[in-house]
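Everything in the sequence shown is counted per this note's numbering, starting at 146 for the first residue and increasing by one. C-beta: ideal position from N, C-alpha, C; glycine also.
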Amino acid sequence: MSDEIDLAAVTTCAEFGRALTVARERAGLSVRDVARRVDVPASTVGGYFGGAHLPGLKPADLVENMLRACGVVDPAELRRWVETWRRIRRSRRGSGDDERGAAGGGWGPGAVSGGQLSPGGDAGGPRAHGGPPRMPIDQARGDEVAAALTIAPPVARLARLPAVRGRGELLTLLTGQLPAAGNGTAGNRTAASGSAGSNGGSRVRSRVHVLHGLGGIGKSTVALALAATALDRGVRTWWISTTRPGAVPAAMEALAVELGATHHQLRRASLPDLVWRRLAALSQPWLLVIDNADDPAGDLGLPGGDVLDGTGWLRPVTPPQGMVVVTTRDSTDWSRGTAGDRMPPWIRLHRLAPLADCDAGQALRDLAGDAPGSAQAAESLGRRLGGLPLALSLAGRFLAEAQRMPPDFGGSAVPRSYPAYEQFLRTSGPWSLLPDFAGADPQAGAPDRCRERELVGRTWELSLGLLAARGQARAQPLLTLLACFGGGPIPVDILVNAEVLGTSPLFPHLQATELWGLLRALAGHGLIEYAPTAPTAPTDRGDVPSAAAGGAQATHQIRLHPLVRDSFGRAAHISGRVEDYLETVTALLVHAARRHDPRDPETWPAWSMLAGHADAGLMMLEARRPWGLAELTEGRLPPELLVPATLAARFLRATGRLTEAAAAYEAMLVTGRRLFGEDHADVLSAAHDLYRVRAAQGRARDAEEGLRAVLDDRARVLGPDHPDTLTTQHYLGRTLRESGRHGEALGWFNRTLTSRERVLGHRHRDTLTTRNNVADVLVEQRQWDAAEQLLRAVWTDRVDTLGPEHPATLVTLHHLARLDHRRGEHARGARAAAELVAACRRVLGPDHPRTLAAICLHGELEQELGRLLAPRADLTDAHRRSLVVLGPEHGTTQRLARLAGRPPSS
């Protein structure tokens, strides 16, 4: 055989495959015969014989075993084959040449003698005498077939699609960039944007437009609408779909033929160079669309090169008569390379965002009409579907088909209106309705990618599969984990911690650099939105007080599309690893929450972003019931499950949002008692906090009854001197003080103070709180000197340990001003109260109960001095706020009403 094949002339993967084919055919074997003998899948072996790829290093001695199977047994000849194989492997590692298999790359003259292979290529057959170029290999099947493909734009598909909604601005821009028929210049040159650059000395405009975004966002539809417009204008237009292996080289060969390339050129020339030379030589305007290039490096780059090099299948368009549009989910590959994140001047990115509510509603009405409900109802459903065009299409077709059914057909299981469909999504999840009536069954195991793309979830699975193939298999569990959090933006630098994730069974040994790469990859495919966000400006509502907001740092936030969150959130429950996801979510939340004490205003900007996720673990458990999934037992629950939600509710209480805090505690107690029982320490903490809020709301009787019960339980479960028991004991005394029972209150405070000084120390912040309340009772008992001495000492210790504007320090200042009021030092008290009001507004915000109480105290002091008219406007505003925050029955509200000269409930 060595006299028939000159192995020294074999230089490419394609030539090596043809040489192997000669050996196989001489032995009278099929591809499957060889595959069985070497114990390698037939599809893989078919790629070797077809020239699609070289045999690999594993299994060991694969090349020798294949050759022995084909009858090559001479040791010297085997060595020559192996040396040839190694030489080609070395050249491929450092070469940018395209190994296109049988579709290109001719053999040199004399590579095979004896009539087995012609100088042009194939073993015998018409190709040896100038027949048509051989079609590419179907790498999925592994044997050589004629690939039936077209490069004609499938514009007839538009007739089956609803009208394109919400993309008018982008389509106007792109159609303005289309080259004009007749003069070979761009149709709207002034609309072109993008920097000028250089490519071989030529000025480069952004004539390559990349449409990117989430799977199902409508990129291909926009490109198809543009192609239809181009054809109407007389622009030569081609469409390359990358949805099958080897599609780009095969389509480019077809394009080269259409552009007039000869058979000889196809065999001998570099196909990418040939196509782009022919495109550059065209005098007519042209548009090339490359659709679904979701793996830009693999689909459009060449071995050893980068898609941004501009030397592969995609290149700068320098002639003004040309334009290229690429659709892809992956935006990351377009901003890498030596320029870092800078975009090459010849490429312009266009991100497709979800549709606005009005456009989403109209898209539904285009398909389902007016029968399912009003325009407002359609917009509401469109919002619930996140403005995702593919989801809107499926929902609209569902509702349209439902209208054709008999009225009672299917009963309540078939929603027939926009509100009913939306309610079904909320209670059952998107997976229950998104499959449509067109045969796209998610259980049916669709045979090809085109059919898979008909379902929303499948489009995202394709992206994750691509990331897995790139070595980023942990992107899918990371996306699933992120979907378990709340619906708001996820603060990355607060919540997503690599060290915590690295201890999770989901992400063992995860490093921060890998985590960053996974987040970038998910964002690149549009599965998450990732961006740094500047601090939110403080509002008049006082949600994030001015002083705290002013010190906030910019944060990195992740947003998930609602359908992504719904779909992958459920995936955590059916993955077989729901306990791992619940444990990891809880661990991240506990780590973040315990680093941010909700009593300190410096942490409030962080809590404003964290609070919406703090009950994520509890919500995971609640979600299982409507899905019909079994409830997890206590032994399978994270022991600190309630901690993040408890601390988040304390943030609400600390910032004065008492109604929200009470609702959070009540919900937490219902779940916590069901899961852990009445005596669990965290259940008792939530109960204590709830009754503390009740006291702050002026509901002293409810608070006293609840705190007495919690005190008994904590003393029994934790012991009488446990810090948590002493905390409940302290707030029971405070509730009694607010009820006017000063003697009882002082007794509880003194007992608590003795224990806290022994257990915690004299200057512990909790001990200072009890000392502060002892002094407050002394004020009520008219023990002015003792009260002032103790308050001054507490204020000094709080300034030293907490700072002069900590909320606890401001409480002591309030008591000092109130002491001046009670003993008749009105002028000094008014000055102190004015400073206190300013500090409270600055630190706590205008709606905080302590700010309102400070304004009330200041008004009372000004009234004693006969100067009430000056602060009357402030008092009126404070009364209005107090009605909302504390309610008309609260003591502060009633005192403010009297000062403002208003009826108590007005």
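Proximity below 8 Å, CB of Arg853 to CB of Leu877: As a first step, residue 853 must be located in the sequence shown, where it is residue number 708. As a first step, residue 877 must be located in the sequence shown, where it is residue number 732. Going by C-beta atoms, Arg853 is nearer than 8 Å to Leu877.
Burial state of Thr941, where buried means 16 or more other Cβ atoms lie within 10 Å: By 1-based counting over the sequence shown, the position of residue 941 is 796. Around the Cβ of Thr941, a 10 Å sphere holds fewer than 16 other Cβ atoms; the residue is exposed.
Proximity of His354 and Arg231 at Cβ, strictly below 8 Å: Position 209 of the sequence shown holds residue 354. Position 86 of the sequence shown holds residue 231. No, these two residues do not count as a Cβ contact at 8 Å.
Below-8 Å beta-carbon distance, Leu626 vs any chain B residue: Here chain B cannot be found, since the structure has a single protein chain.
Distance between Leu533 and Thr366 (C-alpha atoms, nearest Å): To locate residue 366, count along the sequence shown from 1; it is residue 221. To locate residue 533, count along the sequence shown from 1; it is residue 388. Taking the straight line from one Cα to the other gives about 13 Å.
Arg224 burial status per 10 Å Cβ neighbour count (16 or more: buried): As a working mapping, residue 224 is identified with position 79 in the sequence shown. Its Cβ having fewer than 16 others within 10 Å, Arg224 is exposed.
First through last residue of the alpha helix (DSSP H) which encompasses Trp749: In the sequence shown, counting from the first residue as 1, residue 749 sits at position 604. Start and end: 749-755.
Host beta strand (DSSP E) of Leu432 (start-end): As a working mapping, residue 432 is identified with position 287 in the sequence shown. Here the beta strand (DSSP E) through Leu432 covers 431-436.
Residue range of the alpha helix (DSSP H) that includes Met813: Looking up residue 813 in the sequence shown gives position 668. Unbroken alpha helix (DSSP H) run through Met813: 803-821.
Asp444 versus Leu174: straight-line alpha-carbon distance, rounded: Numbered from 1 along the sequence shown, position 299 holds the residue referred to as residue 444. Numbered from 1 along the sequence shown, position 29 holds the residue referred to as residue 174. Asp444 and Leu174: Cα-Cα distance of roughly 33 Å.
Backbone secondary structure at His959 - three-state DSSP: Counting from one through the sequence shown, the residue named residue 959 turns up at place 814. Reduced to three states, the DSSP call for His959 is helix.
Arg413 beta carbon near the ligand PLP (any heavy atom closer than 7 Å): The model depicted lacks the ligand PLP and carries no ligand whatsoever.
Element boundaries [alpha helix (DSSP H), containing Thr374]: For the purposes of this step, residue 374 is identified with residue 229 of the sequence shown, where counting begins at 1. Residues 364-377.
Inter-stretch contact (C-beta, 8 Å, three-pair minimum) for the segment 717-733 and the segment 754-772: yes
From His993, His951, Ala972, residue whose alpha carbon lies closest to that of Glu1009: To locate residue 1009, count along the sequence shown from 1; it is residue 864. Selected option, being the one with the closest Cα: Ala972.
Buried or exposed by the 16-neighbour rule on C-beta atoms within 10 Å, applied to Met550: As a first step, residue 550 must be located in the sequence shown, where it is residue number 405. It counts as exposed.
Own chain, CB closer than 6 Å to Arg798, minus 5 neighbours either side, in chain order: The count along the sequence shown starts at 1 and reaches residue 798 at position 653. Residues of the same chain with a CB within less than 6 Å of the CB of Arg798, apart from the 5 flanking positions on each side, are Ala806, Val838 in chain order.
CB of Pro952 within 8 Å of CB of Arg995, strictly: Position 807 of the sequence shown holds residue 952. Position 850 of the sequence shown holds residue 995. Against a cut-off of 8 Å, the Cβ pair of Arg995 and Pro952 comes out as a contact.
Val815 classed as buried or exposed, judged by whether at least 16 other C-beta atoms fall within 10 angstroms: If you number the sequence shown from 1, residue 815 lands on position 670. Exposed: under 16 other Cβ atoms inside 10 Å.
Proximal residues to Leu1031 (C-beta, below 8 Å), its chain only, five neighbours per side dropped: One-based indexing of the sequence shown puts residue 1031 at position 886. For Leu1031, where only same-chain residues beyond five positions count, the Cβ hits under 8 Å are Leu803, Gln842, Gly843, Pro994, Leu997, Thr1037, Thr1038.
For Ala808 and Asp834, the rounded distance between their alpha carbons: Here the question's residue 834 lines up with position 689 in the sequence shown. Here the question's residue 808 lines up with position 663 in the sequence shown. About 11 Å.
Sub-8 Å separation of Leu316 and Leu432 beta-carbons: Residue numbering aside, residue 316 sits at position 171 when the sequence shown is read from its first letter. Residue numbering aside, residue 432 sits at position 287 when the sequence shown is read from its first letter. In this structure, Leu432 does not lie closer than 8 Å to Leu316 by Cβ.
Residues near Leu212 in its chain [Cβ-Cβ closer than 7 Å; skip 5 each side]: If you number the sequence shown from 1, residue 212 lands on position 67. The residues are Ala168, Leu223, Trp226.
Distance CB(Ile296)-CB(Trp384) smaller than 8 Å: Numbered from its first residue, the sequence shown carries residue 296 at position 151. Numbered from its first residue, the sequence shown carries residue 384 at position 239. Yes. Within cutoff.
Supposed close pair Gly531, His706 - CB separation, criterion 8 Å: The sequence position of residue 531 within the sequence shown is 386, counting from 1. The sequence position of residue 706 within the sequence shown is 561, counting from 1. Going by Cβ atoms, the distance from Gly531 to His706 rounds to 5 Å, so yes, they are a contact pair.
Simplified DSSP state of Gln702, which is helix, strand or coil: Along the sequence shown, one-based indexing puts residue 702 at 557. Of the three classes helix, strand and coil, the one that applies to Gln702 here is strand, per DSSP.
Beta-carbon separation (whole angstroms), Ala372 vs Thr382, contact threshold 8 Å: The residue you call residue 372 lines up with position 227 of the sequence shown. The residue you call residue 382 lines up with position 237 of the sequence shown. With a Cβ gap of about 5 Å, Ala372 and Thr382 count as contacting.
Within 8 Å, strictly: CB atoms of Tyr810 and Ala793: Indexing the sequence shown from 1 puts residue 810 at position 665. Indexing the sequence shown from 1 puts residue 793 at position 648. Contact flag unset, no.
For Pro904, the nearest candidate out of Thr870, Thr880, Trp929 (CA to CA): Position 759 of the sequence shown, counted from the start, is the residue given in the question as residue 904. Inspection of the sequence shows that residue 904 is occupied by Val rather than by Pro. It is Thr870.
Rounded distance between the beta-carbons of Asp475 and Pro499, thought under 8 Å: Here residue 499 corresponds to residue number 354 of the sequence shown, with the count starting at 1. Here residue 475 corresponds to residue number 330 of the sequence shown, with the count starting at 1. The beta-carbon separation of Pro499 and Asp475, rounded to 18 Å, does not stay under the 8 Å limit for a contact.
Within the segment 519-543, ranges of the alpha helix (DSSP H) (whole runs, at least 4 residues): 520-529
Leu627 versus Ala737 - alpha carbon distance: Against the sequence shown, residue 627 aligns to sequence position 482. Against the sequence shown, residue 737 aligns to sequence position 592. The straight-line gap from Cα to Cα measures roughly 15 Å.
Contact belief for Ala717 with Thr625 at Cβ below 8 Å, rounded distance in angstroms: In the sequence shown, residue 717 corresponds to position 572, counting from 1. In the sequence shown, residue 625 corresponds to position 480, counting from 1. About 5 Å separates the CB atoms of Ala717 and Thr625; that is less than 8 Å, so the two are in contact.
Three-way DSSP call (helix, strand, coil) for Val709 in this model: The count along the sequence shown starts at 1 and reaches residue 709 at position 564. The answer is helix: DSSP assigns Val709 an H, G or I state.
Straight-line Cα distance separating Thr374 from Thr166: As a working note, residue 166 is residue 21 in the sequence shown. As a working note, residue 374 is residue 229 in the sequence shown. Cα to Cα, Thr166 sits roughly 47 Å from Thr374.
Outcome for Arg510 when other beta-carbon atoms lying within 10 angstroms are tallied against a minimum of 16: Numbered from 1 along the sequence shown, position 365 holds the residue referred to as residue 510. Arg510 should be labelled buried.
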